[in-house]
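Colleague:
2 protein chains.
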Amino acid sequence: MIECVKCGQVDAIKRAGFVRGKQRFHCRHCSYHFVVADPAPAKPARRQATIMDIAQHLGISPSTVSRALLNRYGINERTRAEILRVAQELDYQPNLLAQSLSNSETHTIGVIIPDIERPFFASVVSGIQQVASASGYRVMVCQSNESHQMEVANVQALVASRVDGLLICHSTETTSFDHIRLPHRKGLPIVHFDRICEDIDTSKVVQDDYGGGAAIAEHLLRQGCRQLAIFAGPPELLISRRRVEGFLSTLADQGIAADGVRVVHSHFKPDEALHTLREWLQSPAPPDGIFCVHYGNAIDMMLDLKQRGIRIPEEIAIAGFGEDRLAAVIEPGLTTIHQHPFQIGRQAALLFLNQIMAPESFVPTTHQVKGELIVRQSTLRRG
Amino acid sequence: MIECVKCGQVDAIKRAGFVRGKQRFHCRHCSYHFVVADPAPAKPARRQATIMDIAQHLGISPSTVSRALLNRYGINERTRAEILRVAQELDYQPNLLAQSLSNSETHTIGVIIPDIERPFFASVVSGIQQVASASGYRVMVCQSNESHQMEVANVQALVASRVDGLLICHSTETTSFDHIRLPHRKGLPIVHFDRICEDIDTSKVVQDDYGGGAAIAEHLLRQGCRQLAIFAGPPELLISRRRVEGFLSTLADQGIAADGVRVVHSHFKPDEALHTLREWLQSPAPPDGIFCVHYGNAIDMMLDLKQRGIRIPEEIAIAGFGEDRLAAVIEPGLTTIHQHPFQIGRQAALLFLNQIMAPESFVPTTHQVKGELIVRQSTLRRG
DNA sequence: GTGAAAGCGCTAACAA
DNA sequence: TTGTTAGCGCTTTCAC
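Listed below in structure tokens is the structure:
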């Protein structure tokens, strides 16, 4: 029960706003406004200091403090200096949540990748972070584990967290894209990278998969391979298709028909690779040149070939796509296309920033990152 | 200018709270309360729906909607059903910012690691994410790039974002820990992993570095190595020191004095490793067994030894610590301690959850994750 | 230059 | 069972 400090009345008291963070009361009996003395100095639990704390400390209003902290113009230099001093003293850290809620931007980018443990994605994330943090953005990373359902859940979580944008590489499972379409329609900046969705009008960063596949084919032909085979990914996976298409196109240019090339689709699993390899080896005309759309399968196969005592590259040449470190360390060295994943990440982040900076003039762009053919022993049959 | 809808007065109008999200006015002239007709149906820009939108749609109060959405008890089933229907219809997604601000918890864990591109940390992060997302937590990852300054900045950013906890592996540069001490004092749950700080009373997850080093030493001795050498990290780096200590302790047990073992400190850089290797090889009694505290240096050295035509393990046996994939693929296979980084991540997240769940009864715990000696060809000098 | 007050979207204590 | 109100910490008119 609050009683009026002037007339002692108790039931005519109404709250009437705040003064310096304290409840102000109004007595309707004697028309008197007052503030009760601090009733609870009870909570010494060291909270984070707020703008209000600084304001009270100096006997000024929170809005002035806010302005000073935000470096707004029209503030007395002495006031500003005082405010900064006290802020320092109280170890004030702005509450980004409150800030975000107020200006409805979080300065956070949501990133969805299939699996952070794959070096390719780890590098992409690193590239994104570099650009992001240089521009004052934080990054929230989610993994879909190649599950469509997880991917959808991740998108929802990030949207609910009100990220300022979404950078996404779809899971292999993903064939329907409504979960992306909705936030996209609501104007959330979205950038696709690596595994993109062609049906949505977003900015995209893609690998030159077609060119990479073509380069591998050309190289294998030059090395004298004639019985070619491709171990590919799921048929619905765009990047796999593109690599295969590029490969086949080069062959076509050289007058080699596509049906002369074995193409096996898979989910990139090691046992699938080994099983296929066995079948190839048992066929009447085993391949003398193998292209694995995913470097991991190339390594699976190499280890198996070595165990079988089959010489690489003399009997079978083998090439992969991606992941440089392992390819460089295995023996013989694995010929691959280096993808520059860090650059892919950087580009994705840059496209997002472009869109954020100039939303009106923004037009979705597709940026292509060229791979680099790195020739190692696994394919060098000549010179 | 607002004029009273009853008496037409203009200067006796005062704002008087809100009704259904609309401004309510009070005319002091005729004592009439009113709400002006929606002045601006101008913004069809599809915003995210809010609780208020649902409430207005149904002519009920926002708190009822909130309660229904939060599955609180004491809500009419029919009302709840209606609310859920409309929520679905409007594609309502709760604004996590507002929620967080309101209950001052973000359900976000901040993670600071030196470098996501290192497979060890990528796995740790993955382990953290698994546990976190299973408990409804999001994860925000920052990289320090082994820079103390970046690490401090990261801590501040995460604290400002009001993460519910901090999981951190310090940079090699970090020797002062005040940036951790402050939030720790304010009660922010902090878990250290891998590279810990012993002076702060936090939960910790550590590798059994001592045991790992000991196991390597024992194994090398069994293989008949007698001239041992250690390529270590910075002397101030705890995990490096522990591995070395474990190694030396085993030797001591076998009556081998520590000064009979060459120990070189470094920053793990490849050229440092190669330089040291050259010196060792040129010494009067080159080592026949090398332990690299960091697997990367072991690989650097192996590649160099192979180029020099020095046989591994016959002439020199070599062992590393960590990173299984590369170690398995290089030839000869590299003997290492597998660290189970995914488990380390899981444990760190679990310790955080423990603290969150029962803050009163919480006592900082140190959890040790045992490594696993994986013996491969690089050290097998006997059967 | 500064302050009062509204508002961001939500939860929770209290009242009805 | 529901509504009213205050409050989370900040920014931003608008008024003085």
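If you read the protein sequences in the order shown, they are chains A and B. If you read the first sequence in our numbering, its first letter stands for residue 1, the second for the next number, and so on. If you read the second sequence in our numbering, its first letter stands for residue 1001, the second for the next number, and so on. Quick reminder that beta carbons are idealized off the backbone N, C-alpha and C, glycines included. Computed from a predicted structure; not experimentally measured.
(1) Could you tell me whether any Cβ in chain A is nearer than 8 Å to the Cβ of B:T1064?
(2) Have a look at B:R1185, B:R1278 and B:V1065 and flag the residue whose alpha-carbon is nearest the alpha-carbon of B:A1087.
(3) Whole angstroms is fine: what's the gap from A:R381's alpha carbon to B:A1229's?
(4) Listed in chain order, which residues of the stretch 1187-1200 of chain B have Cβ atoms closer than 7 Å to some Cβ of chain A?
(5) Going by the CB atoms, is the gap between B:M1140 and A:M140 shorter than 8 Å?
(6) Starting from the N-terminal side, write out each stretch of the alpha helix (DSSP H) that is 4 residues or longer and does not extend beyond the stretch 1190-1230 of chain B.
(7) For the stretch 1077-1105 of chain B, enumerate the residues whose C-beta is nearer than 7 Å to any C-beta of chain A, in chain order.
(8) Could you please tell me which residues of the stretch 157-186 of chain A, in chain order, have their CB closer than 8 Å to any CB of chain B?
(9) Starting from A:R241, follow the alpha helix (DSSP H) in both directions and report where the run begins and ends.
(10) According to DSSP, is B:E1105 helix, strand or coil?
(11) Note down, in chain order, every chain B residue with its Cβ under 8 Å from the Cβ of A:S144.
(12) Output, in sequence order along the chain, the residues in the stretch 305-333 of chain A whose CB is closer than 8 Å to any CB in chain B.
(13) So is B:N1071 buried or exposed if we call it buried at 16+ other beta carbons inside 10 Å?
(14) With 8 Å set as the bound, which would you pick, yes or no: does the beta-carbon of B:R1138 sit closer than that to a beta-carbon of chain A?
(15) By the DSSP assignment, the beta strand (DSSP E) with B:L1058 in it spans what residues?
(16) Quick one: is B:K1022 buried, meaning 16 or more other Cβ sit within 10 Å of its Cβ, or exposed?
(17) Using the beta-carbon count (16 or more within 10 Å), is B:R1242 buried or exposed?
(18) Is the shortest distance between the beta-carbon of A:A122 and the beta-carbons of chain B less than 8 Å?
(19) Three or more C-beta pairs under 8 Å: does that hold for the stretch 262-271 of chain A against the stretch 1291-1299 of chain B?
(20) Do you know how far the Cα of A:R226 is from the Cα of B:C1142?
(21) Leaving aside the five residues before and after A:P119 along the sequence, list all residues of the same chain whose C-beta is less than 6 Å from its C-beta, in chain order.
(22) Helix, strand or coil, according to DSSP, for B:V1263 in the structure here?
(23) Would B:L1334 pass as a contact of B:I1310 if the rule is Cβ separation under 8 Å?
(24) Taking the continuous alpha helix (DSSP H) assigned at A:L305, which residues delimit it?
(25) With distances taken between CB atoms, is the gap from B:G1213 to B:V1244 smaller than 8 Å?
(26) Between B:I1054, B:S1176 and B:Q1282, which lies nearest to B:Q1093 when the distance is taken from Cα to Cα?
(27) Hey, how far is the Cα of A:L303 from the Cα of A:F177?
(28) I need the DSSP call for B:Q1343, collapsed to helix, strand or coil.
(29) Using 8 Å as the limit for Cβ to Cβ distance, is B:Q1355 near chain A?
(30) Excluding sequence positions up to five away, which residues of its chain have a Cβ less than 6 Å from the Cβ of B:E1372?
(31) For the alpha helix (DSSP H) that contains B:T1079, what are its first and last residues?
(32) Mind listing the chain B neighbours of A:E151? Cutoff is C-beta to C-beta under 9 Å, in chain order.
(33) Look up B:A1319 in the DSSP assignment and say whether it is helix, strand or coil.
(34) Quick one: complete beta strand (DSSP E) runs, 3+ long, within the stretch 88-171 of chain A?
(35) B:S1126 and A:E279: beta carbons closer than 8 Å?
(36) Compare the beta carbon distance of B:S1123 and B:S1144 with 8 Å and say whether it is the shorter of the two.
Modeller: To lay it out plainly:
(1) False, the Cβ-Cβ gap to chain A never drops below 8 Å.
(2) Its Cα nearest to that of B:A1087, the residue B:V1065 stands out among B:R1185, B:R1278 and B:V1065.
(3) A:R381 and B:A1229: Cα-Cα distance of roughly 40 Å.
(4) Listed by position, the residues of the stretch 1187-1200 of chain B near chain A (Cβ gap below 7 Å) amount to none.
(5) Yes, the pair counts as a contact, with Cβ atoms nearer than the cut-off.
(6) For secondary structure counted as the alpha helix (DSSP H) over 4 or more consecutive residues, the stretch 1190-1230 of chain B holds these complete runs in sequence order: 1209-1222.
(7) Within the stretch 1077-1105 of chain B, the qualifying residues are D1091, Q1093, P1094, N1095, L1096, L1097, A1098, S1100 and L1101.
(8) Hits within the stretch, in order: A157, V159, A160, S161, R162, L182, R185 and K186.
(9) Unbroken alpha helix (DSSP H) run through A:R241: L238 to D253.
(10) B:E1105 falls in the coil class under three-state DSSP.
(11) Correct list: empty, because the minimum Cβ distance to chain B is about 11 Å.
(12) Of all residues in the stretch 305-333 of chain A, R325, L326, V329, I330 and E331 have a Cβ within less than 8 Å of some Cβ in chain B.
(13) When all chains shown are included, B:N1071 counts as exposed.
(14) Put simply, the CB of B:R1138 is near chain A, with a gap under 8 Å to one of its CB atoms.
(15) Boundaries for B:L1058: no beta strand (DSSP E) harbours it, while the alpha helix (DSSP H) harbouring it runs I1051 to L1058, taken from the DSSP string.
(16) At B:K1022 the pLDDT is 40, less than 50, meaning the model places this residue with poor confidence and gives no usable figure here.
(17) The C-beta of B:R1242 has 16 or more other C-beta atoms within 10 Å across all chains shown, which makes the residue buried.
(18) Contacts with chain B at 8 Å (Cβ-Cβ) include A:A122.
(19) Verdict: no, contact absent.
(20) Whole-angstrom Cα-Cα distance: 49 Å.
(21) Within the same chain, A:P119 has close Cβ partners E323.
(22) Reduced to three states, the DSSP call for B:V1263 is strand.
(23) In terms of Cβ geometry, B:L1334 and B:I1310 do not form a close pair [threshold 8 Å].
(24) A:L305: member of the alpha helix (DSSP H) spanning Y295 to Q307, first to last residue.
(25) In this structure, B:G1213 lies near B:V1244, with their beta-carbon atoms less than 8 Å apart.
(26) The option with the nearest alpha carbon to B:Q1093 is B:I1054.
(27) In this model, A:L303 and A:F177 are separated by some 38 Å (Cα to Cα).
(28) If DSSP states are grouped into helix, strand and coil, B:Q1343 belongs with the helices.
(29) So no, B:Q1355 is outside the interface.
(30) Excluding its 5 nearest sequence neighbours in each direction, B:E1372 has C-beta neighbours in its own chain below 6 Å: H1338, listed in chain order.
(31) From DSSP, the alpha helix (DSSP H) with B:T1079 extends over E1077 to E1089.
(32) Neighbours of A:E151 on chain B: none; closest Cβ ~13 Å, over 9 Å.
(33) In the structure shown, B:A1319 adopts extended strand secondary structure according to DSSP, grouped into three states.
(34) Qualifying beta strand (DSSP E) stretches, in chain order: 108-113, 138-143 and 165-168.
(35) No, the Cβ-Cβ distance between B:S1126 and A:E279 is not below 8 Å.
(36) Pairing B:S1123 with B:S1144 gives a Cβ-Cβ distance that is not under 8 Å.
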